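>
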Amino acid sequence: MESTEAITLRTGEGDPIAGEVKAQLCQGCHGAQGNSTEPLIPKLAGQYSLYIAKELRNYQAGVRTHQIMNAMASTVSDDDLADISAYFASQKKMSGRSTAENPVGKHLFLQGDRSRGVIACVNCHGTNGKGRLPGTAMFPVIGGQHKDYLRLQIFNFKQNDRTNSASGVMNKLTQLLSDEEIDALADYISGL
Numbered sequence: 004m005e006s007t008e009a010i011t012l013r014t015g016e017g018d019p020i021a022g023e024v025k026a027q028l029c030q031g032c033h034g035a036q037g038n039s040t041e042p043l044i045p046k047l048a049g050q051y052s053l054y055i056a057k058e059l060r061n062y063q064a065g066v067r068t069h070q071i072m073n074a075m076a077s078t079v080s081d082d083d084l085a086d087i088s089a090y091f092a093s094q095k096k097m098s099g100r101s102t103a104e105n106p107v108g109k110h111l112f113l114q115g116d117r118s119r120g121v122i123a124c125v126n127c128h129g130t131n132g133k134g135r136l137p138g139t140a141m142f143p144v145i146g147g148q149h150k151d152y153l154r155l156q157i158f159n160f161k162q163n164d165r166t167n168s169a170s171g172v173m174n175k176l177t178q179l180l181s182d183e184e185i186d187a188l189a190d191y192i193s194g195l
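See below:
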């Protein structure tokens, strides 16, 4: 069980109560309380509010492109963005189910591969993928996210179709991974 202080830090400056009403705009795709059931639509439940706000601003600015998200984000004011982000951040963190034992994904997530310069995911995303730094927009909660969504985003970073990670770190790291390793990582992380 998370402490009230941890949840407050995760929600940031917005008003989660006001955000609940404003987030109805998002729930058609992202689900009630931010728990999407669609494999390619991300879960937002328990995600850091600053990260959600950063991503929405990236859609508003065209840094990230998705036909529906760019259109939806363009309708959201800064105040609404803070409240919506706080609402989703205040929800119970997303959870997932592992499909099978996954030693490759587990090893890369927890230890990386120093011989190739692959830094372990745990360093930024925390032991269980639930994040390490709630007061930052740089490192999102990824544990329990949909496997298909994770796989797509990792491939997008690898192919430089997505370039909005801090200092391009995700683009650099994913270049070092094989397609099979990306599949293994997505599977492992989704089960956390």
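Under the working numbering, read the sequence shown as residues 4 to 195, first letter to last.
Here a beta-carbon is modelled for each residue, glycine too, at the ideal position from N, C-alpha and C.
Everything numeric in this text was worked out from a predicted model, so none of it was measured.
1) Which value, in whole angstroms, describes the spacing of the CA atoms of V66 and I55?
2) Counting beta carbon pairs with one atom in the stretch 113 to 125 and one in the stretch 153 to 163, are three or more of them shorter than 8 Å?
3) Let me make sure I understand the geometry here. Which of M173, I87, Q178, L153 has the alpha-carbon closest to that of A196?
4) On the DSSP bridge list, what partners appear for D116?
5) State yes or no: is the C-beta of Q94 within less than 9 Å of the C-beta of Q36?
6) Considering only residues of the stretch 163 to 188, which uninterrupted alpha helix (DSSP H) runs meet the minimum length of 4 residues and lie entirely inside it, listed in chain order?
7) What would DSSP say about Q50, mapped onto helix, strand or coil?
8) Please name the residue, chosen from N61, I157, D83, that lies closest to E23 on a Cα-to-Cα basis.
9) Check for me: the alpha helix (DSSP H) holding I87 runs from which residue to which?
10) Excluding five sequence neighbours on each side, which residues of the same chain lie with their C-beta closer than 7 Å to the C-beta of R100?
11) Going by alpha carbons, who is nearest to G138 out of A48, P45, S52?
12) Can you tell me where the alpha helix (DSSP H) with H33 in it begins and where it stops?
13) Under a three-way DSSP split, which group does P45 fall into?
14) Could you give the DSSP three-state label for V144: helix, strand or coil?
So, to answer that:
1) As a working note, residue 66 is residue 63 in the sequence shown. As a working note, residue 55 is residue 52 in the sequence shown. If you take the alpha carbons of V66 and I55, they lie about 14 Å apart.
2) No, the stretch 153 to 163 is not in contact with the stretch 113 to 125.
3) The requested residue 196 is not part of the displayed model; the chain covers only 4 to 195.
4) Taking the sequence shown and counting its residues from 1, the one referred to as residue 116 is at position 113. Looking at the DSSP output, D116 bridges to V121.
5) In the sequence shown, the residue the question calls residue 94 occupies position 91. In the sequence shown, the residue the question calls residue 36 occupies position 33. Taking 9 Å as the Cβ cut-off, Q94 and Q36 qualify as a contacting pair.
6) When DSSP assignments are scanned along the stretch 163 to 188, the uninterrupted stretches of alpha helix (DSSP H) that are 4 or more residues long and fall wholly within it turn out to be 172 to 177.
7) Position 47 of the sequence shown holds residue 50. When DSSP states are grouped into helix, strand and coil, Q50 belongs to the coil group.
8) As a position in the sequence shown, residue 23 is number 20, starting the count at 1. The shortest C-alpha separation from E23 is found at D83.
9) As a first step, residue 87 is located in the sequence shown; it is residue number 84 there, counting from the start. In the DSSP annotation of this structure, the continuous segment of the alpha helix (DSSP H) that includes I87 starts and ends at 81 to 93.
10) For the purposes of this step, residue 100 is taken as residue 97 along the sequence shown, with counting starting at 1. The residues are G194.
11) Taking the first residue of the sequence shown as 1, we reach residue 138 at position 135. Of the listed residues, the one whose Cα sits closest to G138 is S52.
12) Within the sequence shown, residue 33 is the residue found at index 30, counting from 1. Per DSSP, H33 belongs to the alpha helix (DSSP H) from 27 to 33.
13) For the purposes of this step, residue 45 is taken as the residue at position 42 of the sequence shown. It is coil, neither helix nor strand.
14) The residue given as residue 144 occupies position 141 in the sequence shown. Here DSSP, grouped into helix, strand and coil, assigns V144 to coil.
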